[in-house]
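Read through the structure below, which is laid out as structure tokens, and then see the notes.
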Amino acid sequence: MWSLLSIALRNVLRNRRRTMITLAALLLGVGVMVGIRGVLNGLQRALVQTAVSGQTGAIQVHHAGYLKNVIASPLTLDMPADEDFLNKIRKVPHVTAVAPRILFAGMINVGDQTLFAAMQAIDPKREFDAVPLRKMTVSDGGRFTSGKIADAVLLTAELEKGLRGTPGQAQLPAAVLGPDKDGALSGENITIAGQLKLNLPGEKKLAVVPLALAQRLLKMEGRATELVIAVDNIDHIPEVAASLRRVLGSDYEVHTWDQVASFVKQAMERQNLILSLVATVFMILMLLGVANTVLMSVLERTREIGTMMAVGVRRGKILALFLIEAATIGLLGGVAGGLAGLGVVTWLEQRGIEVTMPGSAVPFIIRPYTTLTYLAFVVSLAAGGSLLFAVYPSWRASRMRPVQALAGG
Amino acid sequence: MKRLSLTIVRLALAGLGAFLAVPAMADPTAHDLLAKYDAVMGPESFESVIAMTAHRDDGSSRAYKMRVLKKGDDKFRAWFDEPAAVRGQEMLRQGDNLWVYMPSLKRAVRLANRDSFQGGDFNNADVLRVNYQADYSATLAADAGRADAWLLELKAKTKDAAYDSIKLWMRKADLQPLKGEYYTASGKMLRAAEFSEFKNFAGLVRPGKIVMKNMIATQRYSIMSWDSMNTKVNPAATKFVLDDMGK
């Protein structure tokens, strides 16, 4: 067995140029796979972080039936937002923060212009504990975020442009309007305090108003329609969601971030699918190269195979010899490619890639990373694949007739 | 004797008139029907007291009471009295422009036609812009299911119209509106109305009640009923300017 292995290794080194070319193909293929997976890992981690710490929170609580209601953001399905109720949630292990919100459809008026907008009422004192990254999407000189201006409102650039022609124009009287909880039209004066950027694709005409002002406008003192919950570690989300369901009972529905922002999860699944397709194509091309190499060396070494058979080497050993040669090349190329990919990914991780998602105005930094499991998977795929693709040429070698082979085929 | 003969002459004339009128009663055109609808639902000038009850999907309801004044084409005012939450609110329409005055803001704010009227199932234009001749082009269609009514199909001419398209049924006997269906541009039915309680309001016979059903949130509907409607008014033009609001 050992002699077979050493013969195989020597054979690999015999035609160096060919081995190098095959190794280069494997290195490139495996390297690219590791690189793409690494970048995708980083992108997906950034996406999850943006959603969880910048928008949806880890978990959301609504009144039962809220998300499936035919009316988007109904006010009738509300819930308490007082300290007693919030404390009940804070007491659940791993919960680090809770922030109440009210979502409603309303209008923003500036001067003589009134536009429909999706409204999000948040508590400046609690919101950024639950979704800290969200603070980066606000440019208001602290006027809203400090909570000091009670009627401060943030608008997306799109909405502000519609209202004022150009953003940041002179202050005109401004108001927020909307049907209150009972449907009667209600209005409050506001001060436009700054701009809000979107960190995930979503409603472009969005206004953020202080929770207290919205509660007054909508006649919903002490109430909310959405609770945003932060947890200490993303891995605890399912556990916390289960505890919350138990604590809150059937009057409320508990959703994890990926159920609320299902498009993030769907985007990730799509990316993974595309990666698998690309990787499969790369792999097959790479392995066809290996198969070709083995076939060529079988044809070149016909005489040698004949000699081996003539001196009594069994057909099974010949088959094994070529298979071992192919697997060796696959393993070497796989390891080299894995290391090269790891190098590139690590370099990119240090450096960071800044990207802006389509439909989002806030750029985020992607820090690619890879896992040992994935590296092991890719290397074994390269080695195992090479072995598999070498089966046919090796079988042909083992089926040769000694006399003909000795005569050179 | 003189009186009797006068009566006979009158009767004869009436009979003759009726006789002459019968062959003259051709089918109305779409245009005639639309004009009739506008004349009934939005007379030239009027003052009326209207009650609206909005029923919501959770079973609750809210009653509104308002006074509405109209002068000429598309000049409306509305004053809200009930409930307390909207007392002091006023609305003004001038042509395509619509404002609401809110006591909490102490100023008037522009509104959109297609916005819901006080959160109910009518929209602002349903109540404060009845001018179908200006807003829609109509074609007469046949409804095999209803022999007693004309079916009008209306298509919006302007984007300020309340709906993109409407199907309107009008009773053949007296050309009163019976039923309406209101659609989005994509053909989705938003609302459906039933007209009923036909009454004589000081000479104007028209529906005294409209039930508007929300076809999206199907548990919701609103009822609008007219307590009074006086078409013999001539309100001052100064009532229909922004400066008059909140006074």
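Protein chains in written order, with my numbering: chain A, 820 to 1228; chain B, -5 to 241. Ideal Cβ positions, reconstructed from N, Cα and C, are used throughout, including at glycine.
heavy atom of the ligand NAD below 7 angstroms from residue i C-beta
i	result
ARG140 (chain B)	Inclusion of the ligand NAD in the displayed structure is not the case, the ligand content being empty and no account of it being possible.
Supposed close pair residue i, residue j - CB separation, criterion 8 angstroms
i	j	result
ILE1048 (chain A)	ILE908 (chain A)	6 angstroms
ARG56 (chain B)	ASP897 (chain A)	ARG56 (chain B) to ASP897 (chain A), Cβ: 17 angstroms. No contact.
VAL787 (chain A)	THR964 (chain A)	The structure shown does not extend to residue 787 (chain A), since chain A spans only 820 to 1228, so no value can be given for it.
LYS233 (chain B)	LEU27 (chain B)	With a Cβ gap of about 31 angstroms, LYS233 (chain B) and LEU27 (chain B) do not count as contacting.
GLN879 (chain A)	HIS1055 (chain A)	Actually they do not touch by this definition, with Cβ atoms about 16 angstroms apart.
SER1081 (chain A)	PRO912 (chain A)	Actually they do not touch by this definition, with Cβ atoms about 27 angstroms apart.
SER1205 (chain A)	LEU1138 (chain A)	Actually they do not touch by this definition, with Cβ atoms about 15 angstroms apart.
VAL80 (chain B)	TYR95 (chain B)	Wrong, their Cβ atoms sit about 11 angstroms apart, outside the cutoff.
Whether residue i touches residue j by CB criterion (8 angstroms)
i	j	result
ALA1209 (chain A)	VAL1079 (chain A)	no
LEU169 (chain B)	LEU148 (chain B)	no
ALA1026 (chain A)	LEU974 (chain A)	yes
PHE189 (chain B)	LYS173 (chain B)	yes
PRO1221 (chain A)	GLY1125 (chain A)	yes
ARG123 (chain B)	ASN928 (chain A)	no
GLY1152 (chain A)	LEU842 (chain A)	yes
THR1189 (chain A)	GLY857 (chain A)	yes
GLY997 (chain A)	GLY925 (chain A)	yes
VAL851 (chain A)	PHE1141 (chain A)	no
ILE1143 (chain A)	LEU823 (chain A)	yes
ASP137 (chain B)	ALA150 (chain B)	no
ASP999 (chain A)	LEU1037 (chain A)	yes
VAL1248 (chain A)	VAL849 (chain A)	Shown here, chain A extends from 820 to 1228; a query on residue 1248 (chain A) therefore has no answer.
PHE74 (chain B)	ARG87 (chain B)	no
THR875 (chain A)	LEU952 (chain A)	no
C-alpha distance - residue i paired with residue j, whole-angstrom precision
i	j	result
LEU828 (chain A)	LEU1094 (chain A)	34 angstroms
PHE111 (chain B)	SER180 (chain B)	22 angstroms
GLU1173 (chain A)	PRO1187 (chain A)	11 angstroms
SER1213 (chain A)	MET1219 (chain A)	10 angstroms
ALA15 (chain B)	LEU92 (chain B)	Residue placement at ALA15 (chain B) is flagged as unreliable, the pLDDT there being 45, under the threshold of 50; the coordinate-derived value follows with that caveat. Spanning the two alpha carbons is a distance of roughly 43 angstroms.
LEU991 (chain A)	GLN932 (chain A)	10 angstroms
LEU236 (chain B)	ALA128 (chain B)	24 angstroms
SER1116 (chain A)	ALA1110 (chain A)	10 angstroms
ALA18 (chain B)	ARG185 (chain B)	Model confidence at ALA18 (chain B) stands at a pLDDT of 44, short of 50, so the residue's coordinates are unreliable; what they give is reported in the following sentence. Answer to the nearest angstrom: the Cα atoms are 37 angstroms apart.
TRP220 (chain B)	GLU946 (chain A)	48 angstroms
SER98 (chain B)	LYS166 (chain B)	48 angstroms
THR895 (chain A)	GLU977 (chain A)	29 angstroms
ILE1123 (chain A)	ASN1091 (chain A)	Correcting the residue identity first, residue 1123 (chain A) is Glu in this sequence and not Ile. One C-alpha to the other measures close to 46 angstroms.
TYR126 (chain B)	ALA45 (chain B)	23 angstroms
LYS203 (chain B)	VAL43 (chain B)	12 angstroms
ALA72 (chain B)	GLU84 (chain B)	5 angstroms
ALA29 (chain B)	PRO77 (chain B)	34 angstroms
LYS944 (chain A)	ILE1011 (chain A)	18 angstroms
VAL205 (chain B)	ALA1060 (chain A)	44 angstroms
LEU134 (chain B)	ALA918 (chain A)	56 angstroms
ARG50 (chain B)	ALA211 (chain B)	9 angstroms
ALA196 (chain B)	PHE923 (chain A)	44 angstroms
GLN863 (chain A)	LEU1167 (chain A)	15 angstroms
ARG214 (chain B)	ALA916 (chain A)	37 angstroms
LYS193 (chain B)	LEU905 (chain A)	56 angstroms
ASN830 (chain A)	ILE1148 (chain A)	11 angstroms
Cβ-based burial, residue i [other Cβ within 10 Å; buried from 16]
i	result
TRP821 (chain A)	exposed
GLY884 (chain A)	exposed
HIS25 (chain B)	exposed
TRP144 (chain B)	buried
GLU1045 (chain A)	buried
TYR1211 (chain A)	exposed
GLU1088 (chain A)	exposed
ILE760 (chain A)	Since the first residue of chain A shown is 820 and the last is 1228, residue 760 (chain A) is not available in this structure.
SER118 (chain B)	It is Asn, not Ser, that sits at residue 118 (chain B) in the sequence shown. ASN118 (chain B) comes out buried.
SER872 (chain A)	buried
SER1005 (chain A)	buried
LYS65 (chain B)	buried
ARG833 (chain A)	exposed
PRO171 (chain B)	buried
ALA1129 (chain A)	exposed
ARG835 (chain A)	exposed
Which whole runs of the alpha helix (DSSP H) in the region 175 to 200 of chain B are 4 residues long or more, in chain order?
none
Residue ranges of each beta strand (DSSP E) run of no fewer than 3 residues wholly in the region 978 to 1047 of chain A, ordered along the chain?
993 to 998, 1004 to 1015 and 1025 to 1029
3 or more residues per run - each beta strand (DSSP E) lying fully within the region 1042 to 1083 of chain A:
1045 to 1050 and 1071 to 1075
Just list the alpha helix (DSSP H) runs in the region 71 to 126 of chain B, keeping only unbroken ones of 4 residues or longer that don't cross its boundaries, in chain order.
118 to 122
Which ranges does the beta strand (DSSP E) cover as unbroken runs of at least 3 residues, wholly within the region 1139 to 1214 of chain A, from first to last along the chain?
1172 to 1174 and 1183 to 1185
Output the residue ranges of the alpha helix (DSSP H) runs that lie fully inside the region 22 to 68 of chain B and measure 4 residues or longer, sorted by chain position.
24 to 35
Tell me the start and end of each unbroken beta strand (DSSP E) in the region 870 to 922 of chain A that is at least 3 residues and wholly inside, in chain order.
878 to 882
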